Amino acid sequence: MSEHNHVVKKDGELDMNKVDNAINKIDQGEKDRILSDFDSFKTYLHKRIKLAESIGLGEEQLAKGAEKIASYLAENEEPRNSEEKLLQELWKVGTQEEQHKLAHLLVKLAQSE
Numbered sequence: 005m006s007e008h009n010h011v012v013k014k015d016g017e018l019d020m021n022k023v024d025n026a027i028n029k030i031d032q033g034e035k036d037r038i039l040s041d042f043d044s045f046k047t048y049l050h051k052r053i054k055l056a057e058s059i060g061l062g063e064e065q066l067a068k069g070a071e072k073i074a075s076y077l078a079e080n081e082e083p084r085n086s087e088e089k090l091l092q093e094l095w096k097v098g099t100q101e102e103q104h105k106l107a108h109l110l111v112k113l114a115q116s117e
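When the letters of the sequence shown are read in order and numbered with this note's numbering, they come out as residues 5 to 117.
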């Protein structure tokens with residue numbers, strides 16, 4: 005099954021419930037590789053955003069996906085570098101609106117990679 009089929013609904017919208025499943029399917033070694041340094045994290049996000057854009061997801065859907073991922077990371081993963089620690093702290097103190105804006109900024113940052 006392609007990634008498109010398991011996280012995107014037939015109408016082209018991102019299925020937020022299935023985003024959780026996709027995150028949980030990433031094995032620990034891969035998570036460690038992705039989160040080992042901030043450049044690896046940005047590169048991973050960049051590739052995922054390019055894939056999402058290629059199947060038609062827009063900026064708002066990308067930001068909602070980024071929110072889901074950021075929430076998961078803040079709750080389940082220990083930061084492995086100072087940049088991740090800063091993002092985690094900002095996420096935890098932010099309101100839902102601020103978190104959404106931060107998610108938009110993370111998408112922009114990864115797009116510029």
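Just so it is clear, CB atoms sit at the ideal spot from N, CA and C, and this is done for glycine as well.
From a predicted model like this one, the values you see are computed outputs, not experimental measurements.
Practice prompt. Identify, in the order they occur along the chain, each residue of the same chain with its Cβ nearer than 7 Å to the Cβ of methionine 5, setting aside the five sequence neighbours on each side.
Written response: As a first step, residue 5 is located in the sequence shown; it is residue number 1 there, counting from the start. Low confidence applies here, because methionine 5 scores a pLDDT of 39, under 50, leaving its location unreliable; read the following figure in that light. Nothing listed; no residue qualifies.
Fill in: Same chain, Cβ closer than 8 Å to glycine 62, neighbours up to 5 away in sequence not counted
Taking the first residue of the sequence shown as position 1, residue 62 is located at position 58. If we look at glycine 62 and ignore the five residues flanking it on each side, it has no Cβ neighbours.
Worksheet item: How about histidine 108 and alanine 78: are their beta carbons less than 7 Å apart?
Response: The sequence position of residue 108 within the sequence shown is 104, counting from 1. The sequence position of residue 78 within the sequence shown is 74, counting from 1. Their beta carbons are not under 7 Å apart, which means histidine 108 does not touch alanine 78 by this criterion.
Worksheet item: Which residues does DSSP pair with leucine 18 in a beta bridge?
Response: In the sequence shown, counting from the first residue as 1, residue 18 sits at position 14. Partner(s): Val12.
Discussion item. Can you give me the C-alpha to C-alpha distance between aspartate 41 and glutamate 88, rounded to a whole angstrom?
Written reply: Taking the first residue of the sequence shown as position 1, residue 41 is located at position 37. Taking the first residue of the sequence shown as position 1, residue 88 is located at position 84. Distance between the alpha carbons of aspartate 41 and glutamate 88 is about 9 Å.
Discussion item. Rounded to whole angstroms, what is the Cα-Cα separation between glutamate 117 and serine 44?
Written reply: Residue numbering aside, residue 117 sits at position 113 when the sequence shown is read from its first letter. Residue numbering aside, residue 44 sits at position 40 when the sequence shown is read from its first letter. Roughly 11 Å separates the two Cα atoms.
Item to complete: Could you tell me the boundaries of the alpha helix (DSSP H) in which lysine 29 lies?
Response: One-based indexing of the sequence shown puts residue 29 at position 25. Careful: lysine 29 lies outside any alpha helix (DSSP H) and carries neither H nor E.
Fill in: Sufficient close CB pairs (3 or more, under 8 Å) joining the region 99-113 to the region 69-77
yes
Practice prompt. Sort Gly33, Arg52, Lys112 by Cα distance to valine 134 and report the nearest one.
Written response: Outside the shown range of the chain (5 to 117) lies residue 134, about which nothing can therefore be said.
Worksheet item: In its own chain, which residues sit with a C-beta less than 7 Å from the C-beta of leucine 94, not counting the 5 before and 5 after it?
Response: Taking the sequence shown and counting its residues from 1, the one referred to as residue 94 is at position 90. Answer for leucine 94: Leu106, listed in chain order.
Worksheet item: From Leu55, Leu90, Ser75, pick the residue whose C-alpha is nearest to that of glutamate 114; which is it?
Response: In the sequence shown, residue 114 corresponds to position 110, counting from 1. Glutamate is not the amino acid found at residue 114; the sequence shown has alanine there. Of the candidates Leu55, Leu90, Ser75, the one whose C-alpha sits nearest the C-alpha of alanine 114 is Leu55.
Worksheet item: When the distance is taken between beta carbons, is arginine 84 closer than 7 Å to leucine 49?
Response: Taking the sequence shown and counting its residues from 1, one reaches residue 49 at position 45. Taking the sequence shown and counting its residues from 1, one reaches residue 84 at position 80. Taking 7 Å as the cut-off, the beta carbon of leucine 49 is found no closer than this to the beta carbon of arginine 84.
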